[in-house]
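The structure under discussion appears below in the form of structure tokens.
Chains as they are written, first to last, in the numbering used here: chain P, 1 to 331; chain H, 332 to 569.
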């Protein structure tokens, strides 16, 4: 559905996007994460046909975003950040206007407006001016406006920016419902949102894709994913200390002990990230050494951990090329 | 053509959805009406609208930029420009639609002045030829001012900057033409006077239709529209 090949974008002396190449197959929901100025919005604007790349190629559904820009824009529903609307227009009039710009006329236009309004639950505000609506409703109007022509590709830039928690939950639910059979690019700062909604994550920093993969893979391959917390007591052990028992397990990289009281100690056991699930081997080792275990749990790795680690990596490596960072998996 | 008309329709309607459009019409009608009342609707005066057309050219120097200042600047300020730039329409269609929307509003703003024609008809026996050419002149001058305002609106996000720069441009043009022609003297002064919008407009008010004036005013409008498209297109490449 989307093909980017060595895409670069300069704004004067600013090198906003540096050699981004990627493929997004149809039906995939891709989250685009990164700090401000990372090149996320510039990249999606190039995909949406708002700006051309300085070099490289951007293709959507096989169409070149520069040469076939009008056709590309027809295939895309792009909602810019903060969902800009004509504030003096009524919701129904605004949607009808946007449908007209998409080339819809007469009955098709009316049906498109009704359908988009229904999908975004706008029935009760259709006669109100967009400038009088709450931010949550304005966001819904923006979402409805990009659905009118039933695009195969939806690009949503920070769709929950500036919303309160209730509105975020509503909008997130709406986005999930809209995804359906469509391909979707979701630019966001809200990591749990991306983690819950997306099949794949692109982490941008300094104009490059620093990591690319499914959320589970990214989190699983991060150092620390193979970490386990064990609370054990050596009171009835057969002589060997718990630290020695756990340290002897195959693939263990380190064991850190933190005494909790006279009998119980908390151990942080780190395996190689590729070691897989080690809970059973830890439990068996403990049983054979007659250690008592009251807690055994893998340490949860969040997307936030991945994000922060990769951002720190990018920060410390100014010469980083478009290769993925070591902790990142490939899609 | 359909996207052009859609954008023009929305743009024109937008003036009436806010107080700005109504206030503009009210001010123009009030000022031109006062001028008519004081200068034309008096015993012994000829049954023409020459005074109305003359003052309109001056009023439009301020009113037309006030109409055009929001055309593109407001889209950029509010972020809706991004929506237009990712809609399946060309930059030409967008700019032309905005211009035609402003021209549509301008024509509606002029329409109350037809009452003056009715008044003349009721009170005297006016000649309709000079009235028709006078209206043609006002419309052509208004279109030129609007196109220049469209261009300055494309250059900035600030409507006031657009308003002031359009007014200053035409005021300086008139001053420059007057002083330049005086300094240059014959035979060059004639060519320099050709740049004066108000001198060309004056002939229309007298009942003269000079093809040169029509072409010059329309070409000026077209030139500013082309420049506006170039500015909008350059946003994609900057």
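Here a beta-carbon is modelled for each residue, glycine too, at the ideal position from N, C-alpha and C.
Every value quoted in this text rests on a predicted model; they were computed, and no experiment measured them.
Inter-residue CB distance, residue i and residue j (contact presumed, cutoff 8 Å)
| i | j | result |
| --- | --- | --- |
| residue 488 of chain H | residue 408 of chain H | 5 Å |
| residue 52 of chain P | residue 567 of chain H | 6 Å |
| residue 67 of chain P | residue 90 of chain P | Between residue 90 of chain P and residue 67 of chain P the Cβ distance is about 37 Å, and since that is not below 8 Å, they are no contact. |
| residue 451 of chain H | residue 457 of chain H | 4 Å |
| residue 87 of chain P | residue 130 of chain P | 5 Å |
| residue 285 of chain P | residue 245 of chain P | 5 Å |
| residue 78 of chain P | residue 146 of chain P | 6 Å |
| residue 424 of chain H | residue 335 of chain H | 5 Å |
| residue 542 of chain H | residue 461 of chain H | The Cβ separation is near 17 Å, so there is no contact. |
| residue 386 of chain H | residue 363 of chain H | 6 Å |
| residue 75 of chain P | residue 58 of chain P | About 13 Å; that fails the 8 Å criterion. |
| residue 232 of chain P | residue 291 of chain P | 5 Å |
| residue 72 of chain P | residue 46 of chain P | The Cβ separation is near 10 Å, so there is no contact. |
Secondary structure of residue i, DSSP reduced to three states
| i | result |
| --- | --- |
| residue 500 of chain H | helix |
| residue 452 of chain H | helix |
| residue 210 of chain P | strand |
| residue 244 of chain P | helix |
| residue 183 of chain P | strand |
| residue 1 of chain P | coil |
| residue 557 of chain H | helix |
| residue 429 of chain H | helix |
| residue 190 of chain P | coil |
| residue 134 of chain P | coil |
| residue 437 of chain H | helix |
| residue 370 of chain H | helix |
| residue 363 of chain H | helix |
| residue 15 of chain P | strand |
| residue 324 of chain P | Here residue 324 of chain P scores only 41 on pLDDT, less than 50, and its place in the model should not be relied on; the value that follows carries that caveat. DSSP places residue 324 of chain P in coil when its eight states are reduced to three. |
| residue 31 of chain P | strand |
| residue 329 of chain P | For residue 329 of chain P, the predicted structure reports a pLDDT of 39, less than 50, and the residue's modelled location is therefore unreliable. A value from the coordinates is still provided. Looking at residue 329 of chain P - three-state DSSP - the assignment turns out to be coil, as it is neither helix nor strand. |
| residue 102 of chain P | coil |
| residue 20 of chain P | strand |
| residue 97 of chain P | helix |
| residue 422 of chain H | helix |
| residue 125 of chain P | helix |
| residue 232 of chain P | strand |
| residue 10 of chain P | strand |
| residue 62 of chain P | coil |
| residue 378 of chain H | coil |
| residue 38 of chain P | coil |
| residue 485 of chain H | helix |
| residue 156 of chain P | strand |
beta-carbon residue i near the ligand ZN non-hydrogen atom, thresh 7 Å
| i | result |
| --- | --- |
| residue 484 of chain H | This structure simply doesn't include the ligand ZN, nor any ligand for that matter. |
Proximity below 8 Å, CB of residue i to CB of residue j
| i | j | result |
| --- | --- | --- |
| residue 395 of chain H | residue 476 of chain H | yes |
| residue 252 of chain P | residue 44 of chain P | no |
| residue 349 of chain H | residue 398 of chain H | no |
| residue 473 of chain H | residue 340 of chain H | no |
| residue 346 of chain H | residue 482 of chain H | no |
| residue 179 of chain P | residue 148 of chain P | no |
| residue 263 of chain P | residue 235 of chain P | yes |
| residue 367 of chain H | residue 478 of chain H | no |
| residue 38 of chain P | residue 200 of chain P | no |
| residue 296 of chain P | residue 275 of chain P | no |
| residue 406 of chain H | residue 412 of chain H | yes |
| residue 210 of chain P | residue 203 of chain P | yes |
| residue 163 of chain P | residue 132 of chain P | no |
| residue 181 of chain P | residue 197 of chain P | no |
| residue 104 of chain P | residue 112 of chain P | yes |
| residue 429 of chain H | residue 402 of chain H | yes |
Beta-carbon neighbours of residue i, restricted to chain P and to distances below 7 Å
| i | result |
| --- | --- |
| residue 410 of chain H | 80, 82 and 84 |
| residue 355 of chain H | Neighbours of residue 355 of chain H on chain P: none; closest Cβ ~15 Å, over 7 Å. |
| residue 416 of chain H | 50 |
| residue 413 of chain H | 50, 80 and 84 |
Contacts of residue i in chain H (Cβ-Cβ under 8 Å)
| i | result |
| --- | --- |
| residue 97 of chain P | 337 and 341 |
| residue 89 of chain P | 341, 345 and 348 |
| residue 74 of chain P | 419 |
| residue 70 of chain P | 419, 420 and 421 |
| residue 100 of chain P | 333, 334 and 337 |
| residue 37 of chain P | Ordered by position in chain H, no residue passes the 8 Å Cβ test against residue 37 of chain P, which lies about 17 Å from the chain. |
| residue 247 of chain P | Within 8 Å Cβ-Cβ: nothing; residue 247 of chain P doesn't reach chain H, min ~57 Å. |
Interface residues of chain H facing residue i [CB-CB closer than 9 Å]
| i | result |
| --- | --- |
| residue 62 of chain P | The premise fails here: residue 62 of chain P is roughly 17 Å from chain H at the closest Cβ pair, so nothing lies under 9 Å. |
Interface partners of residue i on chain P, CB under 8 Å
| i | result |
| --- | --- |
| residue 398 of chain H | What residue 398 of chain H touches in chain P: nothing, since even the nearest Cβ is about 15 Å away. |
Where residue i meets chain H, residues with beta-carbon distance less than 7 Å
| i | result |
| --- | --- |
| residue 162 of chain P | Correct list: empty, because the minimum Cβ distance to chain H is about 13 Å. |
| residue 103 of chain P | 419 |
Can you give, in chain order, each stretch of the beta strand (DSSP E) that sits fully within the stretch 246 to 308 of chain P and has at least 3 residues?
252 to 259, 264 to 271 and 292 to 298
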